[in-house]
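If you use the numbering used here, the sequence shown corresponds to residues 288 to 668, in order. A virtual CB, placed ideally from N, CA and C, is assigned to each residue, including glycine.
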Amino acid sequence: MTSPLELIATCTFGLESIVAAELRALGYEDLQVERGRVRFAGPAGAICRANLWLRCADRVLLQVGQFPARSFDELYDQANALPWADWLSEDALFPVIGKSVQSQLSSVPACQGIVKKAVVDALSGRYGRTQFEETGARHRIQVALLKDTATLTLDTSGDGLHRRGYRDVSAPAPLRETLAAAMVYLSHWKPEFILADPCCGSGTIPIEAAMIGRNIAPGAQRSFDAFRWPTVPRELWAEALEEADDLARPGERLRIWGSDISPEAIELSKHHAGRAGFEDGIDFEVRPLADFKTHHKYGYVVCNPPYGERLGDLQSAEALYREMGVVFPKLRDWSWLVLTPHEGFEALFDAPATHRRKLYNGAIKCWLYQFFGARPPQHRE
288 MTSPLELIAT CTFGLESIVA AELRALGYED LQVERGRVRF AGPAGAICRA
338 NLWLRCADRV LLQVGQFPAR SFDELYDQAN ALPWADWLSE DALFPVIGKS
388 VQSQLSSVPA CQGIVKKAVV DALSGRYGRT QFEETGARHR IQVALLKDTA
438 TLTLDTSGDG LHRRGYRDVS APAPLRETLA AAMVYLSHWK PEFILADPCC
488 GSGTIPIEAA MIGRNIAPGA QRSFDAFRWP TVPRELWAEA LEEADDLARP
538 GERLRIWGSD ISPEAIELSK HHAGRAGFED GIDFEVRPLA DFKTHHKYGY
588 VVCNPPYGER LGDLQSAEAL YREMGVVFPK LRDWSWLVLT PHEGFEALFD
638 APATHRRKLY NGAIKCWLYQ FFGARPPQHR E
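What follows is the structure in structure tokens.
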């Protein structure tokens, strides 16, 4: 396995350019940006490093093959010819999932069954048996059909990359960690300045900002399916984890504030921050947005306020947006980023955004309204 692997970092629509920038920062330059994914090439160690470091991607997939498939016979023959035994051990667990968009092979269950049979038959030729107990490491196979082209991949991540491991208590309408990290990136915040979330909920945005500020690999405290694959040597994982430890800046001074009108939300934020290792660096307090003020300059507000769709009601959400239009402009030279599905946010806020970016919070189409303040000086306050 000396030749570069074909890998795919999947992501929420709208985050492709951010994931591409993350991959370039890891040293992977041969990129192909597509809708909802970024293709890249790398050695086996790229599986480890991408899973550990990508903050805004959903999963890291290993492409086993891609080919035209307009009939079930064609799907079987092409899938059967792929080198499955190079990746799947004799005891491997290999469930097959699928999806089909604008393809003649529209029955996803039928496609899954055909690919499963093709893989079993391919492994039979290598291991000399016709049945497999599948008691070993999971190698989840996906058959994705788009316009009669089949892409067969192995999921190296397992659980989605948004599952960092620190959020063990659910909260109403949570913001995915991957989207929170993307919002921090899009703010252009640097650790020497203040970052505040005055609607912090369960604390996801402040915690993701702290991880970015101290350069902590988001996957360093969790496991991945490929960690148990015999074909990805443990020493590669050890090297990637050692690199992550060397690059972390645990002593970096942070000024991150999280506030919320709900005492229960603040308790949950503190709990999650403690699990993430940020007993210091993040200050949480119960405070209504109307009371948010500071004399510090050049800070950043990054927030995901209630939408009125899943929390509260639309009228209270709109009242909050109007309140933001009163409070935020008093923050001298600050930048403000607000995520909401409300198309009339700028009118309620009473100011036009510098930029407006379409993003998806789960299935909800949102807009990230970006209001950029004065450029901060090139030194610490």
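Verify whether the separation of the beta carbon atoms of residue i and residue j is less than 7 angstroms.
i: residue 517; j: residue 387; result: no
i: residue 484; j: residue 478; result: no
i: residue 656; j: residue 476; result: no
i: residue 495; j: residue 471; result: yes
i: residue 670; j: residue 378; result: Since the first residue shown for the chain is 288 and the last is 668, residue 670 is missing from the structure and cannot be characterised.
i: residue 367; j: residue 431; result: no
i: residue 487; j: residue 567; result: no
i: residue 560; j: residue 569; result: yes
i: residue 637; j: residue 585; result: no
i: residue 405; j: residue 453; result: no
i: residue 519; j: residue 513; result: yes
i: residue 565; j: residue 497; result: yes
i: residue 369; j: residue 352; result: yes
i: residue 323; j: residue 300; result: yes
i: residue 663; j: residue 480; result: yes
i: residue 538; j: residue 490; result: no
i: residue 267; j: residue 531; result: Not covered by the structure: residue 267. The range shown for the chain is 288 to 668.
i: residue 482; j: residue 543; result: yes
i: residue 317; j: residue 328; result: yes
Evaluate residue i with the Cβ neighbour count: other Cβ atoms within 10 Å of its Cβ, from every protein chain shown; 16 or more gives buried, anything less gives exposed.
i: residue 356; result: buried
i: residue 581; result: exposed
i: residue 592; result: buried
i: residue 668; result: Annotation note: pLDDT 45 at residue 668 (below 50); position unreliable, no value reported.
i: residue 550; result: exposed
i: residue 525; result: exposed
i: residue 307; result: buried
i: residue 511; result: buried
i: residue 303; result: buried
i: residue 499; result: buried
i: residue 646; result: buried
i: residue 383; result: buried
i: residue 501; result: buried
i: residue 309; result: buried
i: residue 415; result: exposed
i: residue 469; result: buried
i: residue 474; result: buried
i: residue 661; result: exposed
i: residue 290; result: exposed
i: residue 319; result: exposed
i: residue 311; result: exposed
i: residue 445; result: buried
i: residue 412; result: exposed
Would you mind giving the Cβ-Cβ distance between residue i and residue j, rounded to the nearest angstrom? I have them listed as a contact below 8 angstroms.
i: residue 272; j: residue 557; result: Residue 272 lies beyond the range of the chain shown here (288 to 668); nothing can be said about it.
i: residue 576; j: residue 625; result: About 11 angstroms separates the two Cβ atoms, so there is no contact after all.
i: residue 333; j: residue 292; result: 7 angstroms
i: residue 523; j: residue 335; result: 5 angstroms
i: residue 441; j: residue 374; result: 6 angstroms
i: residue 433; j: residue 390; result: 7 angstroms
i: residue 359; j: residue 401; result: 6 angstroms
i: residue 350; j: residue 295; result: 6 angstroms
Between residue i and the ligand SAH, is the CB less than 6 angstroms from at least one heavy atom?
i: residue 583; result: You won't find the ligand SAH in this model; it holds no ligand whatsoever.
In chain order, each alpha helix (DSSP H) run of at least 4 residues that lies wholly inside the stretch 434 to 482: 464 to 474
Sequence ranges, alpha helix (DSSP H) only - wholly within the stretch 294 to 340, length at least 4: 303 to 312 and 332 to 340
In chain order, each beta strand (DSSP E) run of at least 3 residues that lies wholly inside the stretch 365 to 400: 383 to 388
Unbroken stretches of the beta strand (DSSP E), 3 residues or longer, contained in the stretch 524 to 577: 543 to 547 and 569 to 573
Given 8 angstroms, three or more beta-carbon pairs between the stretch 335 to 351 and the stretch 458 to 470: yes
Cβ contact (3+ pairs, closer than 8 angstroms) linking the stretch 627 to 637 and the stretch 601 to 609: yes
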